[in-house]
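Per our numbering: the sequence shown = residues 2 to 111.
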Amino acid sequence: MGQVTLTFVEGEAALEPDEILYIETCRHKNIFHTKERTYSIYRKMDEIEALMEGMEFLRCHQSFLVNMRYIRKISSYVMTLTTGQELSVPKARYREVKRRYAEYLERDKR
């Protein structure tokens with residue numbers, strides 16, 4: 002899996018997809034949360050989601066795109082990350098989010 006190079010508010014950066022924990026929308030910006038720091042960018046979440054396609058990211062909410070590698074569990078409309086952070090999963094997306102995560106776990110077993 003190759004790096005993702007983007008021009009962030011903080012300057013240009015090349016990120017390894019595995020280093021990105023999740024991406025969240027906050028006040029017209031999208032914030033990339035990595036293991037080391039955060040990066041902000043003024044791009045639509047739909048554009049970022051398209052850019053990350055095929056890289057094991059899951060849109061669990063209108064405002065969150067999560068690296069499935071860092072999901073600990075999904076239950077009762079809450080996604081818990083390996084960092085301990087909890088993200089809400091709307092009822093309308095819950096079944097699809099659970100299905101996609103289960104598929105990821107099956108692929109990861111192989």
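The C-beta atom is built at its ideal place from N, Cα and C for all residues, glycine as well.
Spatial distance of Lys-30 from Lys-74 (CA atoms): 27 Å
Closest Cα partner of Gly-17 within the set Glu-11, Cys-27, His-34 and Arg-28: Sequence inspection shows Glu at residue 17; the Gly mentioned does not correspond to that position. The residue with the shortest Cα to Cα distance from Glu-17 is His-34.
Bridge-paired residues (DSSP) for Glu-104: The partner list for Glu-104 (beta bridge, DSSP) is empty, contrary to what the question assumes.
Contact set for Glu-1: own chain, Cβ-Cβ below 7 Å, skip 5 residues either direction: Coverage of the chain is limited to positions 2 through 111, which leaves residue 1 absent and any answer about it impossible.
Run of the alpha helix (DSSP H) containing Met-80, from where it starts to where it stops: Looking at the DSSP string, Met-80 is not in any alpha helix (DSSP H); the run it does join, the beta strand (DSSP E), is 79 to 82.
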